[in-house]
Amino acid sequence: DIQMTQSPPSLSASLGDKVTITCQASQNINKYIAWYQQKPGKAPRLLIRYTSTLESGTPSRFSGSGSGRDYSFSISNVESEDIASYYCLQYVNLHTFGAGTKLELK
Amino acid sequence: EVKLQQSGDELVRPGASVKMSCKASGYTFTDYAMHWVKQSPGQGLEWIGTIIPLIDTTSYNQKFKGKATLTADKSSNTAYMELSRLTSEDSAVYYCARGSRGLPFAYWGQGTLVTVSS
Chain L
1 DIQMTQSPPS LSASLGDKVT ITCQASQNIN KYIAWYQQKP GKAPRLLIRY
51 TSTLESGTPS RFSGSGSGRD YSFSISNVES EDIASYYCLQ YVNLHTFGAG
101 TKLELK
Chain C
1001 EVKLQQSGDE LVRPGASVKM SCKASGYTFT DYAMHWVKQS PGQGLEWIGT
1051 IIPLIDTTSY NQKFKGKATL TADKSSNTAY MELSRLTSED SAVYYCARGS
1101 RGLPFAYWGQ GTLVTVSS
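Protein chains in written order, with the numbering used here: chain L, 1 to 106; chain C, 1001 to 1118.
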């Protein structure tokens, strides 16, 4: 099974900051990584698929990059509505989520 | 509009079983696989399994084999998940999700909270 190591577990940011979350896969996942946002009491929302493709409705301040085993997700100019938990997902071989990153306001 | 409407929250006794539903609308039910995901309180997300309604084929995360049983009713566009021999470890929110263009979890239901307690 492919494992996804996501870091950091939590992140504190001020409005307008840039933040970055990373996910490392236990093996090459050929860019088959997606990123989700989840707010309390809500289902996850798909933001980015296939490493860097933004879903319709995803603001351009969100971005993703990476290859092989190492991937990152960034939010530039953090806004209050971005306060949430974020998860990566590999979908090249079955499906494995990262443990999540909780983004809080400093 | 794709919509996945899940059944209501459940309070169940330890050792019992629970069956929850996910009614799909806004697309052809047999065109897409349906996936199920577990989220334990304050925890992350785990894929439980997948059913392909067109051919009634299932695949499971090894961890949930024997715990979860996935079925689908094509006549009512509804997917089901039954969890058996419940313990406190099964208390969680369970989501159904549908894929899109090769990605498994593009559309999500609102979740069903299962609480296992005597």
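All residues carry an ideal CB built from backbone N, CA and C; glycine is no exception.
- Of all residues in the segment 75-89 of chain L, only Y87 and L89 place a beta-carbon less than 8 Å from a beta-carbon of chain C.
- Identification of chain L residues near L1103 of chain C by a Cβ-Cβ cut-off of 8 Å yields A34, L46, R49, Y50 and Y91, ordered along the chain.
- With three or more CB-CB distances shorter than 8 Å, the segment 86-96 of chain L counts as touching the segment 20-32 of chain L.
- Counting other Cβ atoms within 10 Å of its Cβ, D70 of chain L stays below 16 and is therefore classed as exposed.
- Secondary structure at S1117 of chain C: coil, using DSSP grouped into helix, strand and coil.
- Taking 8 Å as the CB threshold, L1070 of chain C stays off the interface with chain L.
- Within 7 Å of the CB of Y1032 of chain C, no CB atom of chain L is found; the nearest one sits about 14 Å away.
- Taking N77 of chain L as reference, the option from L:T53, L:A43, L:S60 and L:S10 with the minimal CA-CA separation is L:S60.
- Separation of G16 of chain L and I83 of chain L (C-alpha to C-alpha, rounded to the nearest whole angstrom) is 12 Å.
- Each residue's CA atom was taken as its position, placing P8 of chain L and K1074 of chain C some 43 Å apart.
- Unbroken beta strand (DSSP E) runs of no fewer than 3 residues, entirely contained in the segment 32-102 of chain L, are found at 33-38, 45-49, 62-67, 70-75 and 85-90, following chain order.
- Among the residues facing chain L, E1046 of chain C is included, as its CB has a counterpart in that chain under 8 Å away.
- Contact check for L47 of chain L and Q38 of chain L: beta-carbon distance about 10 Å, past the 8 Å limit, so the pair fails to qualify.
- DSSP places T1058 of chain C in the uninterrupted beta strand (DSSP E) bounded by T1057 to Y1060.
- Around the beta carbon of K1019 of chain C, fewer than 16 other beta carbons lie within 10 angstroms, which makes this residue exposed.
- Listed by position along chain L, the residues whose Cβ is nearer than 9 Å to that of Y1095 of chain C are A43 and P44.
- When beta bridges are read from the DSSP output, L1070 of chain C appears opposite C:M1081.
- Taking Y1095 of chain C as the centre and dropping the five residues before and after it, the same chain places the C-beta of V1037, W1108, G1109 and G1111 closer than 6 Å to its C-beta, in chain order.
- Pairing S1007 of chain C with K1063 of chain C, the inter-Cα distance amounts to about 24 Å.
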